[in-house]
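Undergrad: Sharing a structure below in structure tokens format, with a few things to ask.
In this note's numbering, the protein residues as written are 31 to 145.
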């Protein structure tokens, strides 16, 4: 396209990172990713484990698929979900580790002083 500056790689990476972070910004979607980090799951199994409606689960899966972090495959009538890349599991674990450390530090700050 003439006249439009080409995005550099860093710009594209930041845009994609923002898209993934938006997809991660929902507790239900994070639970889906956590379950899929343990292996492929059928949609009906995910629905049962999460205790959510089929419509809600479908919306969450769609968002995660759009962000490129989840993939699906069909086998007969059943749809199976899996992580699109193993790095997604590692990223989620890393973030949870940071949050655990924050919570632990916060708890230490609010402990009563020992006399």
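Note that beta-carbon positions come from the ideal geometry of N, C-alpha and C, so glycine has one too.
Which value, in whole angstroms, describes the spacing of the CA atoms of residue 83 and residue 51?
TA: Residue 83 sits at position 53 when you count from the first residue of the chain shown. Residue 51 sits at position 21 when you count from the first residue of the chain shown. Spanning the two alpha carbons is a distance of roughly 24 Å.
Undergrad: What do you reckon, are the CB atoms on residue 54 and residue 125 nearer than 9 Å?
TA: Within the chain shown, numbered from 1, the residue matching residue 54 stands at position 24. Within the chain shown, numbered from 1, the residue matching residue 125 stands at position 95. Cβ distance < 9 Å, so residue 54 and residue 125 count as in contact.
Undergrad: Just the C-alpha distance for residue 146 and residue 121, rounded to the nearest angstrom, thanks.
TA: Since the first and last residues shown for the chain are 31 and 145, residue 146 lies out of range.
Undergrad: Report yes if the CB atom of residue 118 is closer than 9 Å to the CB atom of residue 65, and no otherwise.
TA: The residue given as residue 118 occupies position 88 in the chain shown. The residue given as residue 65 occupies position 35 in the chain shown. No, Cβ-Cβ distance for residue 118 and residue 65 is not below 9 Å.
Undergrad: I need the boundaries of the beta strand (DSSP E) containing residue 103, first residue and last residue.
TA: In the chain shown, residue 103 corresponds to position 73, counting from 1. Counting along the chain, the beta strand (DSSP E) containing residue 103 begins and ends at 100-105.
Undergrad: Just to check my reading of the structure: residue 111 and residue 139 have Cβ atoms closer than 8 Å, yes? What is that Cβ distance to the nearest angstrom?
TA: Here residue 111 is taken as the residue at index 81 of the chain shown, counted from 1. Here residue 139 is taken as the residue at index 109 of the chain shown, counted from 1. That belief does not hold up - the Cβ atoms of residue 111 and residue 139 are roughly 40 Å apart, past 8 Å.
Undergrad: Which one or two residues does DSSP pair with residue 112 in a beta bridge?
TA: Translated into positions along the chain shown, residue 112 becomes position 82. According to DSSP, which records beta bridges pairwise, residue 112 is partnered with 101.
Undergrad: Below 7 Å CB to CB, which residues in the same chain sit around residue 87 once its five sequence neighbours on both sides are set aside?
TA: In the chain shown, the residue the question calls residue 87 occupies position 57. The answer, listed in chain order, is 73, 76, 77 and 80.
Undergrad: Compare the beta carbon distance of residue 93 and residue 59 with 9 Å and say whether it is the shorter of the two.
TA: For the purposes of this step, residue 93 is taken as residue 63 along the chain shown, with counting starting at 1. For the purposes of this step, residue 59 is taken as residue 29 along the chain shown, with counting starting at 1. A contact, by the Cβ cut-off of 9 Å.
Undergrad: Considering only C-alpha positions, which residue in the set 48, 57 and 71 is nearest to residue 114?
TA: As a first step, residue 114 must be located in the chain shown, where it is residue number 84. For the residues 48, 57 and 71, the minimum Cα distance to residue 114 belongs to 71.
Undergrad: Residue 100 and residue 109 - do their beta-carbons sit closer together than 9 Å?
TA: Residue numbering aside, residue 109 sits at position 79 when the chain shown is read from its first letter. Residue numbering aside, residue 100 sits at position 70 when the chain shown is read from its first letter. No, these two residues do not count as a Cβ contact at 9 Å.
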